[in-house]
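Residue numbers (this note's numbering): 20 to 174.
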Amino acid sequence: MLTLIRYTLSRGASPMAVVCPCCTGVQVKRYPMLYEEGTASIVGNVGFGGLSRGGLFGGGGSLSGTQQSLAALKVAPPEKRMIIPVRNPLGKFVIGFIVFSWLISNQLLLQVFALGLIVWRLFTVYRWNREQWPKLLGDWQQKWYCSQCGTTFNP
Ligand SMILES: [Zn+2]
Numbered sequence: 020m021l022t023l024i025r026y027t028l029s030r031g032a033s034p035m036a037v038v039c040p041c042c043t044g045v046q047v048k049r050y051p052m053l054y055e056e057g058t059a060s061i062v063g064n065v066g067f068g069g070l071s072r073g074g075l076f077g078g079g080g081s082l083s084g085t086q087q088s089l090a091a092l093k094v095a096p097p098e099k100r101m102i103i104p105v106r107n108p109l110g111k112f113v114i115g116f117i118v119f120s121w122l123i124s125n126q127l128l129l130q131v132f133a134l135g136l137i138v139w140r141l142f143t144v145y146r147w148n149r150e151q152w153p154k155l156l157g158d159w160q161q162k163w164y165c166s167q168c169g170t171t172f173n174p
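Shown next, in the form of structure tokens:
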């Protein structure tokens with residue numbers, strides 16, 4: 020992720036070329052730059068999200084240890100979806116329940132149904148990450164923030 024942000028910063032217009040469309044101020048920054056400044060401590064945690072037993076059944080790791088500032092949270096880049104939605108308790112429960120019923124059931128029909136749901140989940144997550152996420156990331160990379168009047172804009 021950090022590499023990605025660095026890459027984003029190294030290309031594109033120089034900050035001097037952009038002014039705020041609202042107040043014509045020059046104190047504008049790209050979202051990736053704002054984000055990197057505000058999240059020095061998050062780097063070690065990015066990339067979490069495996070199929071660990073803890074993740075499946077509720078223990079799960081979380082990002083609570085990070086110290087993102089509020090400003091950084093507002094400018095966070097779009098995230099890829101995970102097979103196990105670790106930040107969504109209901110989603111985590113539903114997936115865990117499906118996997119669990121697949122594992123313990125001796126009814127073929129239920130097993131097939133649960134397996135179908137799992138495959139469907141894998142597929143939809145994969146497709147969203149491949150088709151939707153790059154678009155959202157592209158939008159995010161084009162966003163600027165004016166620290167003078169607080170406007171977000173896309174030059
Ligand atoms: Zn402004």
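C-beta: ideal position from N, C-alpha, C; glycine also.
Values in this document were obtained by computation on a predicted structure and should not be read as measured data.
Report all residues from its chain with a CB closer than 7 Å to the CB of residue i; omit the five preceding and five following residues, and keep chain order.
| i | result |
| --- | --- |
| L109 | none |
| P174 | V37, W163 |
| L129 | S120 |
In its own chain, which residues sit with a C-beta less than 8 Å from the C-beta of residue i, not counting the 5 before and 5 after it?
| i | result |
| --- | --- |
| C41 | C165, C168, T170, F172 |
| L136 | I117 |
Closest to residue i by CA distance: which of the options is it?
| i | options | result |
| --- | --- | --- |
| A133 | R146, N148, I117 | I117 |
| E55 | V45, C39, G44, A95 | A95 |
| I102 | Q161, K154, F142, T43 | F142 |
Is the Cβ-Cβ distance between residue i and residue j less than 8 Å?
| i | j | result |
| --- | --- | --- |
| W159 | Y50 | yes |
| P97 | L156 | yes |
| N148 | R100 | yes |
| K111 | P104 | yes |
| R140 | I114 | yes |
Quick check: is any heavy atom of ligand 1 less than 7 Å from the C-beta of residue i?
| i | result |
| --- | --- |
| Q167 | yes |
| T171 | no |
| G157 | no |
| G110 | no |
| G115 | no |
| G44 | yes |
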